[in-house]
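Here the sequence shown is numbered in the numbering used here, starting from 97 and rising by one per residue. Note that CB positions come from ideal geometry on N, CA and C, so glycine has one too. All values reported here derive from a predicted model rather than from experimental measurement.
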Amino acid sequence: MKQLFYFIAAILLLCSTCPAQSQTQRTRLEKHVYTLASDSLQGRRAGSPDAEKARQYIEREWLDMGLKPLWDGTFRSAFELFGQSGYCNLVGLIEGSDPVLKQEYIIVGGHYDHLGVQNDQVYNGADDNASGTACVTEIARQLLARQSELKRSVIICAFDAEEIGLHGSSFLANTLKTKGMIDRVKLMMSVDMVGWLRQGGALELQGTGTLANGDNLTSPKSLGIDIPIRTKRFENSIFTATDTEPFAKKGIPTLAITTGIKSPYHKPEDDANLIDYEGLDRVTDYLAAFTLRLASTEGDLGSGKVAEKHRTKVPLLEAGLQVGYNSSWLQFPNAAFNGKSLSGLHGGLALQLNLGNTFSVHADLIYSLFRTPLPHIEQPFVSAFRMRQQAVLLPLTLQLNISNVSNRFFFNFGGYAAYLTAHDVYKPNTVDGPAVMKADLSYPAELGIAWGVGFRLGYHYEFRIYNLHALTPVYLSGVSAEPQYKSFPNHSTLSLAYYF
Ligand SMILES: [Zn+2]
Numbered sequence: 097m098k099q100l101f102y103f104i105a106a107i108l109l110l111c112s113t114c115p116a117q118s119q120t121q122r123t124r125l126e127k128h129v130y131t132l133a134s135d136s137l138q139g140r141r142a143g144s145p146d147a148e149k150a151r152q153y154i155e156r157e158w159l160d161m162g163l164k165p166l167w168d169g170t171f172r173s174a175f176e177l178f179g180q181s182g183y184c185n186l187v188g189l190i191e192g193s194d195p196v197l198k199q200e201y202i203i204v205g206g207h208y209d210h211l212g213v214q215n216d217q218v219y220n221g222a223d224d225n226a227s228g229t230a231c232v233t234e235i236a237r238q239l240l241a242r243q244s245e246l247k248r249s250v251i252i253c254a255f256d257a258e259e260i261g262l263h264g265s266s267f268l269a270n271t272l273k274t275k276g277m278i279d280r281v282k283l284m285m286s287v288d289m290v291g292w293l294r295q296g297g298a299l300e301l302q303g304t305g306t307l308a309n310g311d312n313l314t315s316p317k318s319l320g321i322d323i324p325i326r327t328k329r330f331e332n333s334i335f336t337a338t339d340t341e342p343f344a345k346k347g348i349p350t351l352a353i354t355t356g357i358k359s360p361y362h363k364p365e366d367d368a369n370l371i372d373y374e375g376l377d378r379v380t381d382y383l384a385a386f387t388l389r390l391a392s393t394e395g396d397l398g399s400g401k402v403a404e405k406h407r408t409k410v411p412l413l414e415a416g417l418q419v420g421y422n423s424s425w426l427q428f429p430n431a432a433f434n435g436k437s438l439s440g441l442h443g444g445l446a447l448q449l450n451l452g453n454t455f456s457v458h459a460d461l462i463y464s465l466f467r468t469p470l471p472h473i474e475q476p477f478v479s480a481f482r483m484r485q486q487a488v489l490l491p492l493t494l495q496l497n498i499s500n501v502s503n504r505f506f507f508n509f510g511g512y513a514a515y516l517t518a519h520d521v522y523k524p525n526t527v528d529g530p531a532v533m534k535a536d537l538s539y540p541a542e543l544g545i546a547w548g549v550g551f552r553l554g555y556h557y558e559f560r561i562y563n564l565h566a567l568t569p570v571y572l573s574g575v576s577a578e579p580q581y582k583s584f585p586n587h588s589t590l591s592l593a594y595y596f
């Protein structure tokens, strides 16, 4: 009997501690996701009355748990888009207790808007991003329960209008800047699509490199939470963007947090019944513990580094390697014909001095193999002989960059020099040609003008086309025939470069 009593007491004790608490959090997470991703909210399109329903739900939850607004007695921080009102972030504050550090902020945010209704289908957006909104809400609840342990303050945010261009997060970042608070934001986290932990295999944290000691700070083991995580030092995919971007571009350390895009991403099938709630519960516990750690760790949190795609300034000097393909031909200003073209290869260095974001001085130092057909002296439309040149080629141009820092179009204009290290004239064995054509290449250098266009994709990859037109002539003549033909070499080069 006594044993039975102890047994029952033990069970009761167990139920009253962690499992019960975690069950209620899980139940609440389910309720948030099922509510926000229900058909009655019609996909929470930004600017629609359905997004307003989502806001009212979140606001009620936040008020009930005792979260305080950051500004003006309301969670609502409304903004206009395209001259229209009806867009609104919800912003709450959990104030830190340290008299100095409470002026510093950790932001935990997730967007609540989704795609609405398209072609009569409701895009419920359960993973994207009812899951993140639910998670942020329950993180806030956990932090409120341990508020006395926080030294820094934590800003809780539900962003609007992410799906149509990160507008809610941009608005918050700009508002914080206007109010002189942005430099006191020590980390911004975007919790976006965190409902597929089991299927995704791990919780991904992109941007640990923006934190000093990021790998240690994020370690689940040291936080006492059992969750598989995958860290990426920087958010560098140029094909994805999240609410971290407007903050990262202001130099703030950021973490983009997700269980990945295994869910039916931007499809009507992204529904509440597919969410891994056990996983979402663990993600919430982990992020709450992590936020608590950051809010109570003294000293600088940032590493001072940002992802390459978040750079707002190009570096002064850039260097890369390039390989390419070229095509050369001769232009005859005094004759009724132009030479045909033949291809060659080149490779070498690319160097760039950036004078701000718009203008650069670009130089290449490349070793080129040029092949140029020589016209038959009596039958100019037959290319009987070929000139083969090896040259050190140095185009030097002024470059005009258009569009943003990481992906830019550019135009170049300048000059080039080619120092010929070897040349010969040969007759390909497939051609019968009677007359021998002679090229006078006694001078070693070719000088001319260069112009081109190109595209830089992300920080590393570049595609560039140059047209090089010589201003120094080459004289061609037959062995015995006169007159000489004056010609100007032309080269088109196409290069792929990788910058370090
Ligand atoms: Zn999203």
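About 5 Å separates the beta carbon of aspartate 366 from that of alanine 222, a gap short enough to meet the 8 Å contact definition.
Between arginine 484 and tyrosine 522 the beta-carbon gap is near 6 Å, inside 8 Å, which marks them as a contact. With fewer than three CB-CB distances shorter than 8 Å, the region 387-395 does not count as touching the region 408-416. Inside the region 197-252, DSSP marks whole alpha helix (DSSP H) runs of 4 or more residues at positions 228-241, from first to last along the chain. For the set Pro316, Leu239, Gln495 and Val213, the Cα lying nearest the Cα of valine 204 is the one of Leu239.
Put simply, the residues with a CB less than 6 Å from any heavy atom of ligand 1 are His207, Asp224, Asn225, Glu258, Asp288 and Met289, in chain order.
Secondary-structure assignment with DSSP links valine 501 through no beta bridge to anything. Counting only residues of its own chain and dropping the five nearest sequence neighbours on each side, histidine 458 has a CB closer than 7 Å to the CB of Gln448, Thr493, Gln495 and Asn508. The beta strand (DSSP E) runs of length 3 or more contained entirely in the region 241-329 are, from start to end of the chain, 249-255, 281-287, 299-302 and 325-328. A Cβ-Cβ distance of about 7 Å is found for the pair threonine 314 and isoleucine 325, placing them in contact under the 8 Å criterion. With fewer than 16 other beta carbons inside 10 angstroms of its own, arginine 294 counts as exposed. Within the same chain, Gly192, Asp194, Leu197, Lys198, Glu200, Tyr201, Ile202, Lys282, Leu390, Ala391 and Ser392 come within 8 Å of arginine 248 by CB-CB distance, once the 5 residues on both sides are set aside. Annotation for leucine 567: no alpha helix (DSSP H) segment contains it, and DSSP assigns it neither H nor E. The beta-carbon separation of valine 570 and leucine 426, rounded to 7 Å, stays under the 8 Å limit for a contact. The alpha-carbon separation between tyrosine 382 and leucine 564 amounts to approximately 59 Å. Residue nearest to isoleucine 252 within the set Glu258, Thr229, Ser266 and Lys273 is Thr229 (criterion: CA-CA distance). Between the region 301-310 and the region 351-358, the count of Cβ pairs shorter than 8 Å is three or higher; the stretches touch.
Glutamate 374 has its alpha-carbon roughly 15 Å from the corresponding atom of methionine 289. For tyrosine 595, the three-state secondary structure derived from DSSP is strand. With 16 or more other Cβ atoms from the protein chains shown falling within 10 Å of its own Cβ, valine 218 counts as buried. In the structure shown, the three-state DSSP call for alanine 142 is coil. In this structure glutamate 234 is buried. Its beta-carbon is surrounded by 16 or more other beta-carbon atoms within 10 angstroms.
Ala337 is the residue among Asn309, Ala337, Asp216 and Ala226 whose C-alpha sits nearest the C-alpha of isoleucine 260. Residue Asn309 holds the alpha-carbon nearest to the alpha-carbon of threonine 327 among Pro342, Asn309 and Ile334. In this model, tyrosine 555 and serine 502 are separated by some 5 Å (Cα to Cα).
Excluding sequence positions up to five before and after asparagine 586, its CB lies within less than 6 Å of the CB of Trp425, Gln427 and His565, all in the same chain and listed in chain order. Between the C-alpha atoms of aspartate 168 and threonine 408 there is a straight-line separation of about 32 Å. Isoleucine 154 and glycine 297 have their C-alpha atoms spaced approximately 29 Å apart. The beta carbon of glycine 347 lies closer than 7 Å to those of Val402 in the same chain, with the five residues before and after it left out.
The alpha-carbon separation between tyrosine 130 and alanine 226 amounts to approximately 8 Å. For glycine 182, the closest C-alpha among the options Asp256, Ser134 and Cys231 is that of Asp256. The Cβ atoms of histidine 406 and glycine 420 lie no closer than 8 Å to each other. DSSP places glycine 375 within a helical segment (H, G or I) once states are collapsed to three.
Under the DSSP assignment, alanine 431 falls outside any alpha helix (DSSP H); it carries neither an H nor an E label.
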